[in-house]
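Participant:
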Amino acid sequence: MQAGDRIERAAAGADRPVDRGRINGFFGGTTAIAKLTRINEQIRISPVRLIDHEGNQRGVVPTAEAQGMAREAGLDLVEVSPNERPPVCRIMDYGKHKYDQKKRQKQQHHHENVMKEIRLRPKTDDHDRKIKIDKASEFVKAGHKVQFTMLFRGRERAHQDLAMLSFNEILVFFGEAVKVERPVKMEGRRMTMVVAPAKK
């Protein structure tokens, strides 16, 4: 914690909730909620520029009046832009906002870790292989893991050396952009390898 943060927490109350999220903002876009978010009686500066729970701008009002409006609505007064003069506050269900924010973050994390699959054959021609590798490159750049699956049919299992050569060429193509998450593995009629984006 930075010295400035410690001073601010001491001045405004150490039990102040911490938030690094974003919510609908002052002019209809998104406004970053402060790192240390003040809500309700923790907001001591007055007046504030108020946005009600329906997104309507209510202008500059005394903080006590804004807090009263939030209480009457059964909601919270949340300081969303503390660096503005006057600060911008919004009436909202802060608990619901936190829940929705965590849900979005969880969904985003899940999306970022979706496994993509690229299927190849031992005798896939150069043109088709390039198309598939380019697609895999797009997945990697988007933050996805990629499983390369080499499918064998009939006597193609005799060409495992070609499959290994293809996988080696793939690793050479990606270079330091990926790390091998799971080495080459033979599973029945399939040979697989999983790569993941390398951490920068």
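So for the sequence shown, the numbering used here puts the first residue at 1; every next one is plus one.
Think of the CB as a built atom: it goes at the ideal place given N, C-alpha and C, for glycine as much as any other residue.
Just so you know, these numbers come straight off a predicted model, no measurement behind them.
#1: Leaving out five residues on either side along the sequence, give the residues of the same chain with a beta carbon under 6 Å from the beta carbon of Pro122.
#2: Put Asp76 into one of helix, strand or coil per three-state DSSP.
#3: Helix, strand or coil: which one does DSSP assign to Gly207?
#4: Go through its chain and collect everything with a Cβ distance to Glu181's Cβ below 8 Å, but skip five positions before and after it.
#5: Compare the beta carbon distance of Thr124 and Thr192 with 8 Å and say whether it is the shorter of the two.
#6: Going by DSSP in three states, Val48 sits in which element: helix, strand or coil?
#7: Can you have a look at Leu75 and say buried or exposed, based on whether 16 or more other CB atoms are within 10 angstroms of its CB?
#8: Check Ile39 in the structure and name its three-state DSSP category.
#9: DSSP state of Ala158, grouped into three classes?
#10: What distance in whole Å lies between the Cβ atoms of Glu79 and Ile43, which are believed to be in contact at a cut-off of 8 Å?
#11: When we look at the beta-carbon of Ile118 and count the other beta-carbons within 10 Å, is it buried (16 or more) or exposed?
#12: Once DSSP output is grouped into helix, strand and coil, what is the label at Gly143?
#13: With DSSP as the reference, please indicate the residues paired to Pro197 in a beta bridge.
#14: What does Gln57 pair with, by DSSP beta-bridge criteria?
Facilitator: So, from the data block:
#1: In the sequence shown, residue 122 corresponds to position 122, counting from 1. Excluding sequence neighbours, Pro122 sits near Glu156, His159, Leu162 and Ala163.
#2: The residue labelled residue 76 in the question sits at position 76 within the sequence shown. It is a strand residue.
#3: Summary: the structure shown does not reach residue 207, with the chain confined to residues 1 through 200, and so no result is reported for it.
#4: The residue you call residue 181 lines up with position 181 of the sequence shown. So the qualifying residues of the chain are Lys145, Val194, Val195 and Ala196.
#5: Locating residue 124 in the sequence shown gives position 124, counting from the first residue. Locating residue 192 in the sequence shown gives position 192, counting from the first residue. No, Cβ-Cβ distance for Thr124 and Thr192 is not below 8 Å.
#6: Mapped onto the sequence shown, residue 48 falls at position 48. DSSP places Val48 in strand when its eight states are reduced to three.
#7: The residue given as residue 75 occupies position 75 in the sequence shown. Looking at its Cβ environment, which holds 16 or more other Cβ atoms inside 10 Å, Leu75 is buried.
#8: Along the sequence shown, one-based indexing puts residue 39 at 39. Three-state result, Ile39: strand.
#9: The residue given as residue 158 occupies position 158 in the sequence shown. Helix at Ala158.
#10: Start at 1 with the first residue of the sequence shown, and residue 43 comes out as number 43. Start at 1 with the first residue of the sequence shown, and residue 79 comes out as number 79. Correct: roughly 5 Å between the Cβ atoms.
#11: Position 118 of the sequence shown holds residue 118. Looking at its Cβ environment, which holds 16 or more other Cβ atoms inside 10 Å, Ile118 is buried.
#12: For the purposes of this step, residue 143 is taken as the residue at position 143 of the sequence shown. Here Gly143 sits in coil by DSSP.
#13: The residue labelled residue 197 in the question sits at position 197 within the sequence shown. Answer is Val178.
#14: Your numbering for residue 57 matches position 57 in the sequence shown. Beta-bridge pairing links Gln57 to Ile51.
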